[in-house]
Structure formats: structure tokens, C-alpha cells
Amino acid sequence: MTKQITSDSSVAKPEKAFGPKELLIIILGLLVIGVTMSLGFWQLGRAHEKEALNLQMDQREKAHPLQVGQADIKLSHDLWRRARAVGEYASPWTIYLQNRQQDEQTGFWVLTPLKLAGSDRYVMVLRGWIPRNFQAMDLIAQYQTPQGLTTIDGLIAPPPSEWFSFFSEKPGQVIRQNVNLEKYAAFHHIKLLPYVLRQSGDLKDGLGRQWPAANTGIDTNYGYAAQWFGMSATGMVLLIYFLYRRLRKARASGKALDQAMPRNF
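According to the numbering used here, the sequence shown is numbered sequentially starting from 922.
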């Protein structure tokens, strides 16, 4: 007697390619790909912005020099612009910023305020670098300071960055780790411009001026962009492989079920 298949009999169903679990994995994968790709494009945008900034800085350095004390110089607009100042050095107020490097040697940055000619204002001049004597830490190497009216050529630069220090420094301290221009001006009771004139040229005065080029970190941005795009590509490959495996498994399940079903002739 032939067994009849009724509507109540259990019928095997082919395995679904994408259930709730698989859909969740796909959504998360797309999210990871989208986020990492967006971060990669953001890093590329930052690199392009910095390239434009480098070009702008190069143009400022080659432009006609501004006259400090006469031109309306703003740090935000004229950063790294070539400038010239005429005045007299206030040598007794010179300070030395320690632990500054040049050609992989440790030494001091020499900063002296310059009283502008025909004015009661001063500009801080970053004059150059001198090596440190490690046998006598407070012994400053010999260098020359022009006397009387002098002309300084250089670039408009930001105040020296302040480094972390375990010790507080007295306002009048000569050898120091950091300098705050506002506090320095208040201590000496002078009107000091809010930027620094970084002196240029080899003047044979005992000071080194091999200033490093301003580092805007373009290579770092390109490196981060490559990493993010690499992660995005990896996520895309893994997601495609997952989809392929699920579709292949579902197709195989359907074929196996089809072969197991009885044939009616």
C-alpha cells in the first residue's frame, strides 16, 4: 500500500541564505566599511589642506618682507611671512630655552627682545641655537650680539611651544624650559608683540640657524588614509566572501532537498 502525503506531513524546507543573524552581520559589515572609508577620505582631505598650507607658507616666505612695527602684522594671517625689524637688542633680558635640538645635538635657543626704532614696543627675536656644555650645565657658549641700531631679517613665527616641566620657573629666570610672552612682558614692564621674529642667515656670530622646515604632518595623514582604506578593503573582501558562502550553502541545500523529494511520473 502506497503511503500518501497529506497536508499534515512535515515537509523539509531549503535553508535560507540570509536569516536575521546573517542580515545583522551584513549590516555591521557595511557599517564598518562605510566608517573606515569615510575616515580614509577625511585623512586625504586633511593631507590636501596641509599641502595647500605648505604652498601658502612657501609663498609667504618668498614674498616682499614686512616691516615689524610699521605693518599691521597678525600671526594668524602672516605666520612664516618674511619680515624685517630695525632696533636695538635689550641684551640684559636675554633668555635661553634649554633642551632644544639642532643637527641631533642638545643646546639652547637664544631669545632676546629687540626695542623697535622710534617706538616703545619690543619684538622677541629667536636669534639662533648654541650647544650645551654638559660639564657645566649653566655655562653659556660664546656668541656675539650687535651693539646699537641693527636690522634683523627673519620669519614671523609663533611663540615657542611650552614643554612639560616638573618645576615651576621664576619669571626672571634666564635659563629656562619655557617662556610665556605675556608674563615675560609683564615682568619686564615692556610692550611686547605677540609673535616671534625667527632670525635667518649665517651671520658668523656663533649662533646656528639651521631651522627645520615647518612640519605639517602630511606624510602622517597619507599613512593613516592608507590604513583606513586598507581596513575598508579588507572588510569588503570578507563581506563578499561571507555572501558567497551563504549563497553557495543555500543553493547546495536546495539541490539536496530537490534530489531527496519523490518524483511523480
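Even for Gly, the Cβ is constructed at its ideal location relative to N, Cα and C.
Note that the structure is a prediction, hence the values are computed from the model and not measured.
Determine the direct distance from the alpha carbon of residue j to that of residue i, and round the result to whole angstroms.
i: residue 1021; j: residue 958; result: 39 Å
i: residue 1070; j: residue 1006; result: 10 Å
i: residue 951; j: residue 1157; result: 8 Å
i: residue 1048; j: residue 1030; result: 7 Å
i: residue 1099; j: residue 989; result: 24 Å
i: residue 974; j: residue 1171; result: 55 Å
i: residue 1009; j: residue 1063; result: 20 Å
i: residue 1016; j: residue 972; result: 35 Å
i: residue 954; j: residue 1083; result: 40 Å
i: residue 1076; j: residue 1133; result: 13 Å
i: residue 1088; j: residue 1019; result: 14 Å
i: residue 997; j: residue 1079; result: 9 Å
i: residue 956; j: residue 937; result: 29 Å
i: residue 993; j: residue 987; result: 9 Å
i: residue 1095; j: residue 1014; result: 8 Å
Who are residue i's beta bridge partners in DSSP?
i: residue 1031; result: 1017, 1049
i: residue 1043; result: 1036, 1113
i: residue 1144; result: Bridge partners of residue 1144: none, in fact.
i: residue 1009; result: 1036
Among residues of its own chain, excluding the 5 on either side of residue i, which ones have a beta-carbon nearer than 8 Å to its beta-carbon?
i: residue 1108; result: 1092, 1093
i: residue 967; result: 1142
What does a CB cutoff of less than 7 Å around residue i pick up in its chain, not counting 5 residues either side in sequence?
i: residue 1023; result: 1050, 1129, 1131
i: residue 1036; result: 1008, 1009, 1011, 1043
i: residue 863; result: The structure shown does not extend to residue 863, since the chain is modelled only from 922 to 1186, so the question has no answer here.
Would the segment 1153-1163 count as touching the segment 946-956 if we require 3 or more Cβ pairs under 8 Å? yes
Count Cβ pairs between the segment 1103-1117 and the segment 1035-1045 that sit closer than 8 Å; are there 3 or more? yes
Could I get the ranges of all uninterrupted alpha helix (DSSP H) runs contained in the segment 964-1001, with 4 residues as the minimum, in chain order? 996-999
Any contact between the segment 1102-1112 and the segment 1052-1066? By contact I mean 3 or more CB pairs, one from each, below 8 Å. no
Give, in chain order, every unbroken run of the beta strand (DSSP E) that is at least 3 residues long and sits entirely within the segment 1070-1104. 1071-1078
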